[in-house]
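Enquirer:
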Amino acid sequence: MTALLSVRQLVTSFRTDRGLVRAVDGVSFDIQRGETLGLVGESGCGKSVTALSILRLVPDPPGEFGADSQVLFEDRDIFTLAKKELRKVRGAEIAMVFQEPTTSLNPVLTVGSQIRETILAHEAVTKKQAHERAVELLTLVGIADPSRRINDYAHQMSGGMQQRVMIAMALACQPKLLIADEPTTALDVTVQAQILELLAELKDRFNMAVMFITHDLAVVAQIADRVAVMYGGRIVEQGLTAQIFADPKHPYTQGLLQAVPRVDEVGATLAGIPGAVPHASDWPTGCRFHPRCAQRLDRCSADVPPTFHADEHHQAACWLLDEARV
Amino acid sequence: MTGLWRYLAGLGIAVVALRFPRVIDALVHGDLPAKTAAVSALLLAPMALSLWFRARAVRRARGEARDGIDGWTTVACAAIATVGLAALLAPVLTPYDPEAISPLLGAQPSWTHPFGTDPVGRDLLSRFIFGARVSLSIALISILIAVVIGIAVGTVAGLAGNVTDAVLMRGVDAGLAFPRIFLILVMFAFSQRVGPTAVVLILGFTSWFGLSRIVRAEVLSIRERDYMVATRALGIGGIQTLVRHVFPNVVGPVAVTATLGVGYIILLESSLAYLGVGVPEPTPSWGRILNDVYPYLASSRASIAIIPGALIGFTVIAFGLLGDGLRNAFTPQTR
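Going down the list, the sequences are from chains A and B.
Using the working numbering, you'd call the opening residue of the first sequence number 5 and step up by one each time.
Using the working numbering, you'd call the opening residue of the second sequence number 97 and step up by one each time.
1. Output the distance between the C-alpha atoms of R431(B) and L113(A), rounded to the nearest integer angstrom.
2. Would you say M215(A) faces chain B, with C-beta separation under 8 Å as the test?
3. Does any residue of chain A bring its CB to less than 8 Å from the CB of I332(B)?
4. If you reduce the DSSP assignment to three classes, tell me which class I147(A) lands in.
5. Quick one: which chain B residues come within Cβ less than 9 Å of M100(A)?
6. Quick one: is R19(A) near chain B, going by C-beta distance under 8 Å?
7. Output, in sequence order along the chain, the residues in the stretch 329-360 of chain B whose CB is closer than 9 Å to any CB in chain A.
8. For a test of your reading of the model: does the CB of M212(A) fall under 7 Å from any non-hydrogen atom of the ligand PLP? Yes or no.
9. Does the beta-carbon distance from P380(B) to V230(B) come in below 8 Å?
10. CA-CA distance, L307(B) and G416(B)?
11. Does the beta-carbon distance from L9(A) to D34(A) come in below 8 Å?
12. In chain A, which residues lie less than 7 Å from R321(B) when you measure between Cβ atoms?
13. At which residues does the alpha helix (DSSP H) containing V389(B) begin and terminate?
14. What is the residue span of the alpha helix (DSSP H) that T190(B) lies within?
15. Taking only beta-carbon atoms, is G95(A) less than 8 Å away from chain B?
16. List, in chain order, every chain B residue whose beta-carbon is nearer than 7 Å to that of L59(A).
17. Could you round the C-beta distance between V53(A) and A27(A) to whole angstroms and report it? I think they count as a contact, below 8 Å.
18. What does the Cβ neighbour count give for N110(A), buried or exposed, with the cut at 16 atoms within 10 Å?
19. Identify every residue that forms a DSSP beta bridge with F312(A).
20. At a Cβ cut of 8 Å, what residues of the stretch 119-132 of chain A count as close to chain B, listed as they run along the chain?
21. Can you check whether the C-beta of V112(A) is within less than 8 Å of a C-beta belonging to chain B?
22. Using three-state DSSP, classify T245(A) as helix, strand or coil.
23. Here's the rule: buried if 16 or more other CB atoms are within 10 angstroms of the residue's CB, otherwise exposed. What is W382(B)?
24. By the 10 Å Cβ neighbour count, where 16 or more other Cβ atoms means buried, how is E104(A) classified, buried or exposed?
25. Beta carbon of E314(B), beta carbon of V268(B): below 8 Å?
26. Please report the straight-line C-alpha distance between T293(B) and H209(B), rounded to a whole angstrom.
27. Can you name, in chain order, every residue of its own chain whose Cβ lies under 8 Å from the Cβ of I277(A), other than the five neighbours on each side?
28. Show which residues of chain B have a CB atom less than 7 Å away from the CB atom of E104(A).
29. Identify whether M100(A) lies in helix, strand or coil by the three-state DSSP scheme.
30. Which whole-angstrom value is the C-beta distance of I241(B) and F286(B), which I expect to be below 8 Å?
31. Give the straight-line distance between the Cα atoms of V101(A) and Y323(B), rounded to the nearest whole angstrom.
32. Residues of chain B with CB under 9 Å from K92(A), in chain order?
33. Please confirm if the stretch 269-276 of chain A is in contact with the stretch 286-305 of chain A, defined as three or more CB-CB distances below 8 Å between the two stretches.
34. On a CA-only basis, which of K253(A), A246(A), S108(A) and G236(A) is nearest V15(A)? Give me that one, please.
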């Protein structure tokens, strides 16, 4: 069975004053039907640009895609779709939820009219039917008194409720893939837990695949079937969630996991990763993590590591896995 | 807003009741404008009443206590409605023919001439009310023209960017840099027949520069908002984005600029009359009236000049207040 979404050699670059900057540089991954992929990485590693690229939402100019880049959704290449076709995919088959619910809702329209708009854009229903669907959706995402709240403006709702509305909009046409770009980052922890629970529940209900972007490993552990770790515009390691957490292969993933505070080690010094993420206009040569890597080899600064398979589902781009070395 | 509807209804009823024989007379014997006005008067009162009841029903159904329109806006609306209604019903309301002269030159306000008479003996109240017709239609229509051009140019410049934007905006800069009154005078010099239509067109075509800049700035900022990306991500695009997501955000600033512009154009029309261009004699316009009566300002009969002057001033202020109210109404966060 082919994957629902196949990203191949995705390169997204931006023309800037400092030249062509490659924010995403050769990213490949698959998402199967009904699967949740967690995409993890620090700020500036290219997670969000990857997500935007999948829906061709990167502003152009200054953004552009590499010549061999492909995003296959059910075997259709998103990059070669006509605008009209693309619009049919967006919202109806692939939907997206953003980080900032407050600014992602139009302040001058009621939430109801924005949900109805999405439904009407994709389906041949009457305004009344769209309205009824919108009320159902609000009920589904757990908004109390939906028939009244549907006439609210975004600013009359809390952040958590706004995010629920965004989710309702994204689910309006029952997409096959939901891209959630840090949907809980702007929310406080209790609300965050509720939203995660809601997403997991809705995912099962609609048998939706989810691409969950976050920098929070705890969130990933909770929600993802598989994890891909990004660093410097590339995926450095991907595998099943259990494999990544139990046996990380890439020094960067290891560093990330050590940097998570643990309740059972109160008082212990928290390990960090020395140095900072380099800017996209100034990637290091070879492995992009090598200047910060404690286990670096001589060749790390010269040669880009290919992807090595550690296991059937587990792969990492690190010279330490090179069997020829041993 | 309900206050306004109630007010309008009351006003309509009062007009109809007080002048009922005259309205009927106008309906039967009057000329076409008189008949139109009489019919409007008879229709307006029940219409206003029904609108008010409807607004109240909608609000109750929604469970809202207020509708976002504050007191000052209601006052401004009422003032504009009064002037507008008076203009509409001018033939029924005015005691004299606005263009008929009499031997009573520059008379002080009295019971027979509530606003007094001008230097050639025309009744100022009648002229003021008929002048409202001319001046308000000039102001409203030319602002409408300016708003349409301003929104079109601003939106195109903001969305297209690059060369289109640069060319359009430099054109606007040139338009703004050129002293407007001279531009208008030049245009008058070249127009064949100077009637109200020419005045409307000339004022309309010289009033959109500032508006287009405001619209462009709004469009540029809206274009970059998160919800525009969110909208695109949901498969909404093209003209719908423009109509539902860009324009509603532009309406607020445009409403403010446009309503302030109405006041400005009323004043501009007055200056044109003073310069001897604009609406020709003997058609009454507010500018003409001011031009006729200003010499009395320094005399013992100053009230002849002060009354119409002050009323024009209040109307201009009312449009300013209405602009503020509109902006608040279009920006849900301020409710």
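Beta carbons are placed, not taken as given, at the ideal position from N, Cα and C, and that holds for glycine.
Expert: Answer, in terms of the structure:
1. For R431(B), the predicted structure reports a pLDDT of 46, less than 50, and the residue's modelled location is therefore unreliable. The matter cannot be settled from this model.
2. no
3. yes
4. coil
5. V325, A326, A329 and L330
6. no
7. A329, L330, G331, I332, G333, G334, Q336, R340, H341, P344, N345, V347 and G348
8. Looking for the ligand PLP in the displayed structure turns up nothing, as the structure carries no ligands at all.
9. yes
10. 16 Å
11. yes
12. T107
13. W382 to V389
14. That residue, T190(B), is in no alpha helix (DSSP H); it is neither H nor E in DSSP.
15. yes
16. A329
17. 5 Å
18. buried
19. A320(A)
20. E121, T122, A125 and H126
21. yes
22. helix
23. buried
24. buried
25. no
26. 31 Å
27. Y256, G259, L260, A263 and R296
28. D322
29. strand
30. Going by Cβ atoms, the distance from I241(B) to F286(B) rounds to 18 Å, so no, they are not a contact pair.
31. 11 Å
32. G331
33. no
34. G236(A)
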